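Q:
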Amino acid sequence: MAEKPFPGLAAEGVLDLAKKYYATTTMGSKIVAESGSGAIVTDRDGHKFIDLHCDAGVNNLGHCHPTIVATVMNQLETLIFAENHNGPNYWAMCLAMELATKSPVRKPSKVFFSNSGAEANEAARKLCEAHRKITDGNGRKKAIYFRYGFAGRTRGVIAATSSRPAVQRDPFWDFNEKINSTYLPYPRVGEDWSQLKKELDALDLREYDRLLMELPCQGEGGINPVDENALKYIYELTQEAGVIFISDCVQTGVGRVGTIFGCDVFPWLKPDILTMGKALGGGFPVGATIFRGSLDWEHQGMHSNTFGGHPLISRVGLAVLEETKKLLDSGAAKDIEFFLDYALRLFLKHDAITDIRGRGLMWAIEFKTPTLRDKVIELAESAASEGEYGLRLLGAGSKSIRIMPSMVISRYDLHYAMDLLHKIIKTLV
Numbered sequence: 001m002a003e004k005p006f007p008g009l010a011a012e013g014v015l016d017l018a019k020k021y022y023a024t025t026t027m028g029s030k031i032v033a034e035s036g037s038g039a040i041v042t043d044r045d046g047h048k049f050i051d052l053h054c055d056a057g058v059n060n061l062g063h064c065h066p067t068i069v070a071t072v073m074n075q076l077e078t079l080i081f082a083e084n085h086n087g088p089n090y091w092a093m094c095l096a097m098e099l100a101t102k103s104p105v106r107k108p109s110k111v112f113f114s115n116s117g118a119e120a121n122e123a124a125r126k127l128c129e130a131h132r133k134i135t136d137g138n139g140r141k142k143a144i145y146f147r148y149g150f151a152g153r154t155r156g157v158i159a160a161t162s163s164r165p166a167v168q169r170d171p172f173w174d175f176n177e178k179i180n181s182t183y184l185p186y187p188r189v190g191e192d193w194s195q196l197k198k199e200l201d202a203l204d205l206r207e208y209d210r211l212l213m214e215l216p217c218q219g220e221g222g223i224n225p226v227d228e229n230a231l232k233y234i235y236e237l238t239q240e241a242g243v244i245f246i247s248d249c250v251q252t253g254v255g256r257v258g259t260i261f262g263c264d265v266f267p268w269l270k271p272d273i274l275t276m277g278k279a280l281g282g283g284f285p286v287g288a289t290i291f292r293g294s295l296d297w298e299h300q301g302m303h304s305n306t307f308g309g310h311p312l313i314s315r316v317g318l319a320v321l322e323e324t325k326k327l328l329d330s331g332a333a334k335d336i337e338f339f340l341d342y343a344l345r346l347f348l349k350h351d352a353i354t355d356i357r358g359r360g361l362m363w364a365i366e367f368k369t370p371t372l373r374d375k376v377i378e379l380a381e382s383a384a385s386e387g388e389y390g391l392r393l394l395g396a397g398s399k400s401i402r403i404m405p406s407m408v409i410s411r412y413d414l415h416y417a418m419d420l421l422h423k424i425i426k427t428l429v
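All residue numbers for the sequence shown refer to the UniProt record's numbering, where the first residue is 1 and numbers rise by one.
1. Would you check if the distance between the CB atom of Ile336 and the CB atom of Pro405 is smaller than 8 Å?
2. Check the C-beta distance from Gly360 over to Val257 and give it rounded, since I have them as a contact under 8 Å.
3. In the DSSP output, what is Ile80 paired with across the bridge?
4. Run through DSSP, which three-state label would Val111 get?
5. So, using beta-carbon positions, are Thr306 and Ala124 closer together than 8 Å?
6. Going by alpha carbons, who is nearest to Pro187 out of Glu199, Ala33, Ser181, Asn176?
7. Give me the residue from Ala383, Gly36, Arg373 with the minimum Cα distance to His63.
8. Tell me whether Trp363 sits in a helix, a strand or coil according to DSSP, three-state version.
9. To test your reading of the DSSP string, which unbroken beta strand (DSSP E) runs of 3 or more residues are found completely within the segment 198-273?
10. Hey, how far is the Cα of Lys20 from the Cα of Gly390?
11. Excluding the 5 residues preceding and the 5 following Leu99 in the sequence, name in chain order all residues of the same chain whose CB lies nearer than 7 Å to its CB.
12. Assign His299 to buried or exposed, taking buried as 16 or more other Cβ atoms, counted over all protein chains shown, within 10 Å of its Cβ.
13. Note the first and the last residue of the continuous beta strand (DSSP E) segment covering residue 438.
14. One question on the structure: do Leu421 and Ala380 come within less than 8 Å of each other, judged by their Cβ atoms?
15. The beta strand (DSSP E) spanning Leu394 covers which residue range?
16. Are Lys141 and Thr182 touching if we call contact CB-CB under 8 Å?
17. Output yes or no for whether 8 Å exceeds the beta carbon distance between Pro104 and Pro271.
18. At a cut of 8 Å, does the segment 205-214 reach the segment 144-162 through at least three beta carbon pairs?
19. How would you write the range of the alpha helix (DSSP H) that Glu3 sits in, first residue to last?
20. Cutting at 7 Å between CB atoms, please list the residues of its own chain near Pro370, excluding the five before and the five after it.
21. Tell me the rounded alpha-carbon separation between Val320 and Thr67.
22. Quick check on DSSP: helix, strand or coil for Thr275?
23. How big is the Cα-Cα spacing for Met362 and Ser116?
24. Three-state secondary structure (DSSP) at His310?
25. Please look up how many angstroms separate the CB atoms of Ile403 and Leu52, rounded, as I've assumed it's under 8 Å.
26. Please give the ranges of any beta strand (DSSP E) in the segment 154-183, keeping only runs that are unbroken, at least 3 residues long and fully inside the region.
27. So Gly277 and Ala120 are in contact, right, with Cβ under 8 Å, and what is the actual spacing, rounded?
28. With DSSP collapsed to three states, give me the class of Ser35.
29. Nearest-angstrom Cα distance between Leu393 and Val376?
30. Taking the C-alpha atoms as reference points, what is the distance between Leu76 and Gly309?
31. Note down the Cα distance separating Ala82 from Gly281, rounded to an integer number of angstroms.
32. Excluding the five sequence neighbours on either side, which residues of its own chain have a C-beta within less than 6 Å of the C-beta of Val189, listed in chain order?
33. Give me the Cα-Cα distance between Gly139 and Arg147, rounded to the nearest whole angstrom.
34. Report, in whole angstroms, the separation of the C-beta atoms of Gly262 and Pro311, which I expect to be a contact under 8 Å.
35. DSSP has Phe49 in a bridge; who is on the other side?
36. Within 10 angstroms of its Cβ, does Ile134 collect 16 or more other Cβ (buried), or is it exposed?
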């Protein structure tokens, strides 16, 4: 195959526009996506990439899934938008009922819709604070978070975001937020959690309003699967003390770890609040806060928004849940998981790699240094210039890359991706 420079001229033009006109954010990739189908993304110059991060777990069903496309086109012909929080729409109420009745959240439960995982976590915080003002007279003001956690970048949740605190949190929070936030070690599976127990036992939990924990894995902080015994200890201790337990499943839900809700991999866990986003929207912006009904806001207007419960996105959400359930029930996703588990562990033979960890279709390859990790991502993208495919990769933590393929990736594409990744890593050692 003749070499085709990457990025190409068309992509370079867009990258130049981004430098000139777009704000400083998290942009790092040189892939300028033009189209997508299943596990393959094509850029503006025709380079093809196997998608191994699905936009941090948004496109769990792959790109342009036929059912999702058909659902969108059908809804566009009937009703594009009517504000759900002014008067309820049918599809939003159907999705709310599905989530409220099927989730592991304590029953009876309710749902609030928003536009992102960060907003879902903001709503969770406001539920807790409003509830405490009624029941506790502001006595409980503190919150428990976990080191290397990520709950979003909006003002109300940055205290829970400590994966890169110097950049994501510290420039924006105030003194009161700082003194009322406690950070515990995240109990990663296979590791000793005695320090966590020591720190948790030392807290006066009567001062604490809520605990927010990404489950069953941390995401942006490095794909860290939780130790179930440690989780059970945390859950039982905080529940006994009346601390509201928030399970953040924004990245892990909708099939990513083999279940619909993410934290329901632990059947005994019944969170007070569960937050979702990303894959639930099938590529459209969505956030869902599922909570036990007794936490509901006391007065109309204590919380609302314009686009939450969007009829098109709600209808897509229902289709996403249905298609995800089919893939889980058929065992197709499990087959990918088994292959991925086996294939990824072979990477440990490379000297550049220090750890492989994950569960379901959510894994991390950790490198010795951030520089090595960044070089792998760069080479994986540029491989599209000389081969059939390049790879679409995304970092996690300071030294890891996420391996988060879609639930519809073919065995050929997955084999190709793993083989190419091996070849790239070999060149670095």
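Ideal placement from N, C-alpha and C gives every residue a C-beta, glycine not left out. Keep in mind it's a predicted model, so treat the numbers as computed, not measured.
A: Reading it off the structure:
1. Along the sequence shown, read from residue 1 onward, the residue named residue 336 stands at position 336. Along the sequence shown, read from residue 1 onward, the residue named residue 405 stands at position 405. A contact, by the Cβ cut-off of 8 Å.
2. Counted from its first residue, the sequence shown places residue 360 at position 360. Counted from its first residue, the sequence shown places residue 257 at position 257. Rounded to whole angstroms, the Cβ separation of Gly360 and Val257 is 3 Å, and the two are in contact under 8 Å.
3. Position 80 of the sequence shown holds residue 80. According to DSSP, Ile80 bridges with nothing at all.
4. Taking the sequence shown and counting its residues from 1, the one referred to as residue 111 is at position 111. Reduced to three states, the DSSP call for Val111 is strand.
5. Here residue 306 corresponds to residue number 306 of the sequence shown, with the count starting at 1. Here residue 124 corresponds to residue number 124 of the sequence shown, with the count starting at 1. Contact flag unset, no.
6. Locating residue 187 in the sequence shown gives position 187, counting from the first residue. Across the set Glu199, Ala33, Ser181, Asn176, the C-alpha of Glu199 shows the shortest separation from the C-alpha of Pro187.
7. Sequence index remark: in the sequence shown, residue 63 carries index 63 (1-based). The residue with the shortest Cα to Cα distance from His63 is Gly36.
8. Position 363 of the sequence shown holds residue 363. The three-state secondary structure of Trp363, taken from DSSP, is strand.
9. Fully enclosed beta strand (DSSP E) runs of no fewer than 3 residues occupy 208-214, 244-248 of the segment 198-273, in order along the chain.
10. Within the sequence shown, residue 20 is the residue found at index 20, counting from 1. Within the sequence shown, residue 390 is the residue found at index 390, counting from 1. So the alpha carbons of these two residues sit roughly 27 Å apart.
11. Position 99 of the sequence shown, counted from the start, is the residue given in the question as residue 99. Within the same chain, Val111, Ala288, Ile290 come within 7 Å of Leu99 by CB-CB distance, once the 5 residues on both sides are set aside.
12. The sequence position of residue 299 within the sequence shown is 299, counting from 1. His299 should be labelled exposed.
13. In the structure as shown, the chain starts at 1 and stops at 429, and residue 438 therefore has no counterpart that could be examined.
14. On the sequence shown, residue 421 is found 421 positions in, with the first residue counted as 1. On the sequence shown, residue 380 is found 380 positions in, with the first residue counted as 1. Judged by their CB atoms, Leu421 and Ala380 are nearer to each other than the 8 Å cut-off.
15. On the sequence shown, position 394 is the one that residue 394 refers to. Judged by DSSP secondary structure, Leu394 falls within the beta strand (DSSP E) whose first and last residues are 394-396.
16. As a first step, residue 141 is located in the sequence shown; it is residue number 141 there, counting from the start. As a first step, residue 182 is located in the sequence shown; it is residue number 182 there, counting from the start. At least 8 Å separates the beta-carbon of Lys141 from that of Thr182.
17. Translated into positions along the sequence shown, residue 104 becomes position 104. Translated into positions along the sequence shown, residue 271 becomes position 271. Contact flag set, yes.
18. Three or more Cβ pairs closer than 8 Å define a contact, and the segment 205-214 meets that threshold against the segment 144-162.
19. Translated into the one-based positions of the sequence shown, residue 3 becomes position 3. Per DSSP, Glu3 is not a residue of any alpha helix (DSSP H), being assigned neither H nor E.
20. Taking the sequence shown and counting its residues from 1, the one referred to as residue 370 is at position 370. Listed in chain order, the non-local C-beta contacts of Pro370 below 7 Å within the same chain comprise Ser398, Lys399, local neighbours out to five positions each way being set aside.
21. Your numbering for residue 320 matches position 320 in the sequence shown. Your numbering for residue 67 matches position 67 in the sequence shown. Each residue's CA atom was taken as its position, placing Val320 and Thr67 some 8 Å apart.
22. Numbered from its first residue, the sequence shown carries residue 275 at position 275. Thr275: strand per DSSP, three-state reduction.
23. Residue 362 sits at position 362 when you count from the first residue of the sequence shown. Residue 116 sits at position 116 when you count from the first residue of the sequence shown. Within the model, the alpha-carbon separation for Met362 versus Ser116 is close to 20 Å.
24. Here residue 310 is taken as the residue at index 310 of the sequence shown, counted from 1. Here DSSP, grouped into helix, strand and coil, assigns His310 to coil.
25. Residue mapping note: residue 403 aligns to position 403 of the sequence shown, counting from 1. Residue mapping note: residue 52 aligns to position 52 of the sequence shown, counting from 1. Yes, Ile403 and Leu52 are in contact; Cβ-Cβ is about 6 Å, under 8 Å.
26. DSSP runs (the beta strand (DSSP E)) wholly in the segment 154-183: none.
27. Within the sequence shown, residue 277 is the residue found at index 277, counting from 1. Within the sequence shown, residue 120 is the residue found at index 120, counting from 1. Going by Cβ atoms, the distance from Gly277 to Ala120 rounds to 5 Å, so yes, they are a contact pair.
28. As a position in the sequence shown, residue 35 is number 35, starting the count at 1. The answer is strand: DSSP assigns Ser35 an E or B state.
29. The count along the sequence shown starts at 1 and reaches residue 393 at position 393. The count along the sequence shown starts at 1 and reaches residue 376 at position 376. The alpha-carbon atoms of Leu393 and Val376 are separated by roughly 9 Å.
30. Position 76 of the sequence shown, counted from the start, is the residue given in the question as residue 76. Position 309 of the sequence shown, counted from the start, is the residue given in the question as residue 309. Distance between the alpha carbons of Leu76 and Gly309: 15 Å.
31. As a position in the sequence shown, residue 82 is number 82, starting the count at 1. As a position in the sequence shown, residue 281 is number 281, starting the count at 1. Distance between the alpha carbons of Ala82 and Gly281 is about 17 Å.
32. In the sequence shown, the residue the question calls residue 189 occupies position 189. Here the set comprises Pro225, Asp227.
33. Taking the first residue of the sequence shown as 1, we reach residue 139 at position 139. Taking the first residue of the sequence shown as 1, we reach residue 147 at position 147. Roughly 25 Å separates the two Cα atoms.
34. By one-based count along the sequence shown, residue 262 stands at place 262. By one-based count along the sequence shown, residue 311 stands at place 311. No, Gly262 and Pro311 are not in contact; Cβ-Cβ is about 25 Å, not under 8 Å.
35. Position 49 of the sequence shown holds residue 49. Answer is Val41, Gly390, bridged to Phe49.
36. Translated into the one-based positions of the sequence shown, residue 134 becomes position 134. Classification for Ile134: exposed.
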